[in-house]
Structures are given as C-alpha cells and as structure tokens.
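I have placed the structure first, in the form of structure tokens, so that the comments after it can refer back to it.
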Amino acid sequence: MMKWQGTLGFLHFCFGVQNDMRDPKFDVARARLEKLWAAGKEFLGTDYAIMAGAMSWVSERHLVAAVSNAGGFGVIACGSMTPELLSAEIAGTKALTKKPFGVNLITMHPMLDDLIEVCREHEVGHVVLAGGLPSSAAIKKAKEFAKVICFAPALVLAKKLVRSGADALVIEGSEAGGHIGPVSLTVLAQEILPEMRDVPVFCAGGIARGEAITGLLEQGAAGVQIGTRLVCATECIAHPDFKKAFIRASARDAVTTVQLDERFPVIPVRALANKGTDEFLETQRKVIAKFRAGEVDQGEAQLEIEHFWAGALRRAVIDGDVDGGSVMAGQSVGMVKKEQPVSEILEELVEQAVQSLVRRDS
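Position in the sequence shown counted from 1, then plus 1, gives you this note's numbering.
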C-alpha cells in the first residue's frame with residue numbers, strides 16, 4: 002500500500018503542473034494577461050509585449066530574428082555601425098524573419114540622419130532612439146515612416162518626449178546592464194506610469210521572471226524590455242566564455258563604473274567586475290585630462306568613451322575575453338542559470354506571469 006501511494010505521489014509530482022495548467026483558472030489568468038498587455042502587443046505587432054534590449058555585438062540579426070520569431074520584439078543594436086553596415090544588418094534580419102522588429106539608434110552618432118534614412122529605405126516599422134535625449138527634428142524625421150520609441154529617465158523628460166512626438170517610451174532602471182541612469186525601476190515606475198497614459202510605456206531593468214512582468218503591467222506598463230535574460234539564448238552569437246560568465250555570476254557581481262569628475266559627463270555602465278573595469282577608469286582619466294586641456298570638446302570626449310566600450314565589449318562578446326573585456330550585465334544576471342532557446346525563455350516568462358496571476362487570485 003505504501004509503495005502504491007509513493008508511486009501516486011511521484012506521478013502527481015511529475016504531471017501535477019501540467020494538470021494544473023488545464024485548470025480553468027489558468028484560462029482566466031491568461032485572458033487577464035492578454036488584457037494587461039494588449040496595448041503593448043498592438044503597438045509592437047507581436048504575440049507578447051516583450052521587447053529585446055538592444056545590446057551592442059549581441060543584438061544582431063540571429064538573436065533579433067529569433068526573438069521576433071518566438072513572439073517577442075527583436076531590436077537591432079546599431080551602436081557605432083556605419084550606414085552601410087546597418088543596411089546589411091537590417092537586410093540580414095529580414096531574411097531570417099517576417100515578423101516585426103525594430104532598430105535602436107544612438108542619438109550621439111555623428112551620422113544619425115543617415116542611419117534614419119537607412120531605416121526608411123528598408124521600411125523599418127519601429128525606430129528606437131537611445132543614448133541621450135533625441136532632438137525634436139530626429140523624432141520628426143523618423144516618424145515620417147516609423148513608430149518612434151524613446152527612453153525617458155524622468156517624468157519631466159517623458160512628457161517632453163511625448164510632446165516632441167514620441168509614440169512610446171521605455172523607462173529603464175539602474176538595475177539594467179550596459180549604459181544606465183541613476184534611478185531604479187521601482188522608483189521610475191511609481192513616478193512615471195501613473196502619469197503617462199497617452200502612449201505605451203515599456204519597463205526595463207532587472208526583469209528576469211514573469212512575476213515581475215505582471216507586477217509592472219498592473220502598475221500601468223504596456224509591456225517590458227529584457228536584455229540580460231537573453232544573452233544566454235542558444236541563438237545568441239556571444240562567445241561561450243561570455244555566456245559562462247553570466248551563468249556563474251550573482252546579482253552583486255554586476256557593478257557600475259565610477260564617474261571620476263562630476264563636471265565631466267560619463268554615463269555609468271553596469272558590467273561584471275574584472276580587469277576591464279579598472280582599464281576603463283584609466284581611460285576615463287586620460288579623456289578627462291584631454292577635455293580639461295581643451296584638446297576635445299564634450300561630444301568628442303563622450304564618443305571616445307563610447308569607442309572604448311565598443312572595443313572592450315567586442316573583446317568580451319566576440320573573442321571571449323571576459324577578464325579584460327567589458328562583460329556588460331544587469332543585476333538580473335544572478336537569475337540566468339543555463340543556455341536556452343529564445344522560444345523557451347519567452348514561454349517560461351509567460352507561464353510564470355500566468356501562474357503569478359493564478360496565485361494572486363486563489
């Protein structure tokens with residue numbers, strides 16, 4: 002009798018979750034999730050209101066197409082690409098997916114207008130303007146053929162961007178990887194979501210589980226953006242050692258760079274602490290010295306910093322130099338446990354979101 006009871010318990014353990022998923026409560030929860038992110042889905046044209054963060058050297062055609070094919074919204078990271086390179090990347094992505102995807106353009110890029118034209122030529126449906134406050138002219142130019150998404154680091158700037166024509170916003174907390182602002186998503190969500198109802202707002206920074214997604218949707222977000230969670234996707238071209246660094250890391254390993262001189266505007270970067278972090282400090286000292294000596298202006302100095310990160314990031318992502326390169330990662334890196342296909346990652350997030358709604362209603 003005891004043996005039979007043990008067998009029943011084992012079978013329930015193995016198949017109980019699947020049986021629960023057929024419970025009517027899950028249908029109700031899924032319907033509720035669909036309602037919560039309906040505006041985000043409609044804006045993106047996707048099955049899930051989940052954007053992929055644009056990560057230089059990582060968010061290229063293979064990962065972007067995989068995200069879009071899996072029901073999310075892939076975004077090409079233009080970074081420091083030339084117009085010719087961006088054109089080839091967009092064409093390459095279109096060859097891999099027929100689903101919607103976007104292109105992230107850095108506002109300080111010296112050829113921004115030309116890059117916008119490339120997006121126009123390829124009939125890109127969504128343009129993301131990042132890396133600084135975009136001009137009204139840039140927003141207007143992109144709006145002539147695409148929906149424009151901008152990053153808003155504060156409520157006053159969110160309102161300004163909408164007045165300038167932004168069709169949607171991303172609010173990204175300091176928990177994120179790569180270039181970050183000073184405020185956590187927890188605070189930004191409270192500050193901005195209740196006040197911004199005219200355009201979809203997508204939340205980013207530290208999001209790695211479905212429970213976080215439903216919490217933000219219920220606060221008023223139209224969807225979310227994830228980056229760190231996708232680095233260890235099977236389709237991601239990042240070097241195996243880069244992925245291993247993510248899998249081994251904990252949340253506290255993802256630290257922000259230090260700004261040495263508050264008069265010199267350097268955007269903090271969150272990455273796993275290593276020798277590359279120390280090298281950036283030395284590079285920053287040299288650039289500050291040149292800035293003070295009048296050898297470079299503010300814009301040129303910022304570009305020089307960007308070039309450092311582009312090179313250091315490439316060494317880590319492509320070459321696998323996780324000691325001397327820049328291993329940009331958000332604090333959610335501690336929840337990245339293995340390499341998975343993109344479709345599995347997104348399905349996992351959605352199921353977690355659904356289950357969280359079921360638990361909340363039980």
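A virtual CB, placed ideally from N, CA and C, is assigned to each residue, including glycine.
These numbers were taken from a predicted model, which means no experiment stands behind them.
Nearest CA to the CA of residue i: which residue from the options?
i: Gly126; options: Gly300, Lys148, Thr108, Leu156; result: Lys148
i: Val351; options: Pro25, Trp38, Asp24; result: Trp38
i: Val163; options: Val184, Ile181, Pro201, Glu192; result: Pro201
i: Thr281; options: Val328, Ala250, Gly300; result: Reading the sequence as shown, one finds Phe at residue 281 and not Thr. Among Val328, Ala250, Gly300, the Cα nearest to that of Phe281 belongs to Val328.
i: Ala418; options: Ala138, Ala143, Ala131; result: Any question about residue 418 goes unanswered here, given that the chain covers just 2 to 363.
i: Cys79; options: His110, Lys160, Val68; result: His110
i: Gly326; options: Val334, Arg286, Asp279; result: Asp279
i: Leu194; options: Ile214, Ile172, Cys151, Ala246; result: Ile172
i: Lys245; options: Glu340, Gly54, Lys42; result: Glu340
i: Met197; options: Leu158, Gly228, Cys233, Val323; result: Leu158
i: Asp203; options: Ala50, Ala274, Ala255, Ala313; result: According to the sequence provided, residue 203 is Phe. The question's Asp does not apply to it. Ranking the options by Cα distance to Phe203, first place goes to Ala50.
i: Thr94; options: Ala169, Lys42, Val128, Val76; result: Val76
i: Glu348; options: Asn70, Gly321, Arg286, Ala290; result: Asn70
i: Val1; options: Leu45, Lys161, Leu156, Ala290; result: What is shown of the chain runs 2 to 363, which leaves residue 1 out entirely.
i: Val188; options: Ala169, Gln220, Lys160, Leu170; result: Gln220
i: His68; options: Lys291, Arg23, Val232, Ala89; result: For clarity, residue 68 is Val in the given sequence; the question names His instead. Among Lys291, Arg23, Val232, Ala89, the Cα nearest to that of Val68 belongs to Val232.
One question on the structure: do residue i and residue j come within less than 8 Å of each other, judged by their Cβ atoms?
i: Gly73; j: Thr98; result: no
i: Ala167; j: Ile208; result: no
i: Ile248; j: Glu61; result: no
i: Glu307; j: Val288; result: no
i: Met52; j: Gln226; result: yes
i: Arg271; j: Thr284; result: no
i: Leu186; j: Gly178; result: no
i: Leu106; j: Ile91; result: no
i: Pro101; j: Glu236; result: no
i: Ala311; j: Ser81; result: yes
i: Ser251; j: Gly331; result: no
i: Ala255; j: Gly277; result: no
i: Pro84; j: Met112; result: yes
i: Leu64; j: Ala205; result: no
i: Leu34; j: Val359; result: no
i: Asp362; j: Lys26; result: yes
i: Asp115; j: Lys142; result: no
i: Leu156; j: Val119; result: no
i: Gly321; j: Gly54; result: no
Going along the chain, which residues of its own chain have a beta-carbon closer than 7 Å to the beta-carbon of residue i, five neighbours each way excluded?
i: Val318; result: Trp58, Val59, Ala239, His240, Phe243
i: Gln353; result: Arg210, Gly211, Glu212
i: Gly10; result: In this prediction, Gly10 has a pLDDT of 41, which is less than 50 and means its spatial position is unreliable; what the coordinates show is noted afterwards. Taken in chain order, the list of residues that qualify is empty.
i: Arg230; result: Ala209, Ser333, Val337, Ile346
i: Arg315; result: Trp58
i: Phe14; result: Because the pLDDT of Phe14 is 37, which lies under 50, any placement of that residue in the model is unreliable, and the number read from its coordinates should be weighed accordingly. Contacts found: none.
i: Ala274; result: Asp254, Val256
i: Trp5; result: The pLDDT assigned to Trp5 is 38, lower than 50, so where the model puts this residue is not dependable, and the model offers no usable value.
i: Lys357; result: Just to set this straight, residue 357 is Ser in the shown sequence, not Lys. Excluding sequence neighbours, Ser357 sits near Gly211, Glu212, Thr215.
i: Pro183; result: Ser175
So, for residue i: in the same chain, excluding its five sequence neighbours on each side, which residues have a beta-carbon less than 6 Å away from its beta-carbon?
i: Gln191; result: none
i: Arg121; result: Phe146
i: Ile181; result: Ser175, Pro269, Arg271
i: Met2; result: The predicted position of Met2 is uncertain, since its pLDDT is 39 and thus under 50; no value can be drawn from it.
i: Asp199; result: none
i: Phe309; result: Thr284
i: Ser344; result: Ala71
i: Glu124; result: none
i: Lys161; result: none
i: Ala96; result: none
Who are the near neighbours of residue i in its chain, counting only those whose CB is closer than 8 Å to its CB and skipping five residues on each side?
i: Thr1; result: Past the edges of the chain, shown from 2 to 363, lies residue 1, and the structure says nothing about it.
i: Gly300; result: Met109
i: Ala223; result: Trp38, Ala40, Gly41, Phe44, Ala50, Ala169, Pro201, Val202, Phe203
Can residue i be considered in contact with the ligand HEM, in the sense that its beta carbon sits closer than 7 Å to one or more heavy atoms?
i: Gly93; result: This structure lacks the ligand HEM; in fact it carries no ligand of any kind.
- beta strand (DSSP E) runs contained entirely in the stretch 36-91, provided each spans 3 or more residues: Entirely contained in the stretch 36-91, the beta strand (DSSP E) runs reaching 3 residues are, in chain order, 51-53, 75-78.
- Message: Just to confirm the assignment: which complete beta strand (DSSP E) runs, minimum length 3, are found wholly within the stretch 187-239?
- Response: Taking only runs of at least 3 residues, the beta strand (DSSP E) segments lying wholly in the stretch 187-239 are 202-205, 224-227.
- Query: Which whole runs of the beta strand (DSSP E) in the stretch 83-146 are 3 residues long or more, in chain order?
  - Reply: The stretch 83-146 is shown to contain whole beta strand (DSSP E) runs of 3 or more residues at 102-107, 127-131, in chain order.
- Message: My parser needs the beta strand (DSSP E) runs of 3 or more residues fully inside the stretch 268-302; what are they?
- Response: Assignment of beta strand (DSSP E) within the stretch 268-302, counting only whole runs of 3 or more residues, yields 270-273 in chain order.
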